[in-house]
Amino acid sequence: MGKGGEKLVKGLDHGQSDSDHETFCAWAKEIQECEKYYGTNRVSGLRSGDAIIKHEIYGYNELEKHEGKSFWHLILDQLNDTLVRILLAAAIISFMLAWYDGGVDSDKFTAFVEPLVIFLILIVNAMVGIWQENNAEKALEALKEIQSEQER
Numbered sequence: 001m002g003k004g005g006e007k008l009v010k011g012l013d014h015g016q017s018d019s020d021h022e023t024f025c026a027w028a029k030e031i032q033e034c035e036k037y038y039g040t041n042r043v044s045g046l047r048s049g050d051a052i053i054k055h056e057i058y059g060y061n062e063l064e065k066h067e068g069k070s071f072w073h074l075i076l077d078q079l080n081d082t083l084v085r086i087l088l089a090a091a092i093i094s095f096m097l098a099w100y101d102g103g104v105d106s107d108k109f110t111a112f113v114e115p116l117v118i119f120l121i122l123i124v125n126a127m128v129g130i131w132q133e134n135n136a137e138k139a140l141e142a143l144k145e146i147q148s149e150q151e152r
């Protein structure tokens, strides 16, 4: 499935070639339109031969399986945001200014508070983002588990 749940069908149905096929957005159509497009109806369903052909055209009726992202990839994804990059640049500039203005004397430690707070906020933001993405992956896996194993 592509983004937005659209599945590009192979051009084997309705005389379409691979280069000029269109996406049929079944979720946005009336039931009768879907029945006509897929060549079936709610009363009798598909014949055995049609079911085999449709299976070859559209594939399995299941959610796509994919490998989860690595921990480091999740961290990099959290930093792939314009606002986060701006804050990171601001923290680095603020740290360098604090370093050059006062050095690391104990009296001048207050100059480092601002960049440290910005870094802390970015770290907490990344942790929350990773946690949310992990929960979304678990929810998707749970959906895959309860997915129907049989066709009706």
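Take 1 as the starting number for the sequence shown in UniProt numbering and just add one per residue.
Every residue, glycine too, gets a C-beta built ideally from N, C-alpha and C.
Only a predicted model underlies this, so the values are computations on that prediction, with no experimental measurement involved.
Inset, instruction - Evaluate A98 with the Cβ neighbour count: other Cβ atoms within 10 Å of its Cβ, from every protein chain shown; 16 or more gives buried, anything less gives exposed. - result: buried
Legend entry - Status (buried if at least 16 other CB within 10 Å, exposed otherwise) for H66: Under the 10 Å beta carbon count, H66 is surrounded by fewer than 16 other beta carbons and is classified as exposed.
Inset, instruction - Provide the residue span of the alpha helix (DSSP H) that contains D50, from first to last. - result: S48 to Y58
Inset, instruction - Tell me whether C34 sits in a helix, a strand or coil according to DSSP, three-state version. - result: Of the three classes helix, strand and coil, the one that applies to C34 here is helix, per DSSP.
Inset, instruction - Using the Cα positions of G129 and P115, report the straight-line distance between them to the nearest angstrom. - result: Distance between the alpha carbons of G129 and P115 is about 21 Å.
Legend entry - Three-state secondary structure (DSSP) of R85: helix
Inset, instruction - Please list, in chain order, all residues of the same chain as A90 whose beta carbon is under 7 Å from its beta carbon, the five residues on each side excluded. - result: I118
Legend entry - Separation of L88 from L122, as counted between CA atoms: 8 Å
Legend entry - Between the CA atoms of A26 and E62 - distance to the nearest angstrom: 16 Å
Inset, instruction - Hey, could you find the ends of the alpha helix (DSSP H) E137 is sitting in? - result: V113 to I146
Legend entry - Expected contact under 8 Å - CB spacing of E33 and R42 to nearest Å: No, E33 and R42 are not in contact; Cβ-Cβ is about 13 Å, not under 8 Å.
Legend entry - Cβ shell of T40 (< 6 Å), same chain only, five flanking positions each side left out: L46
Legend entry - Backbone secondary structure at F71 - three-state DSSP: helix
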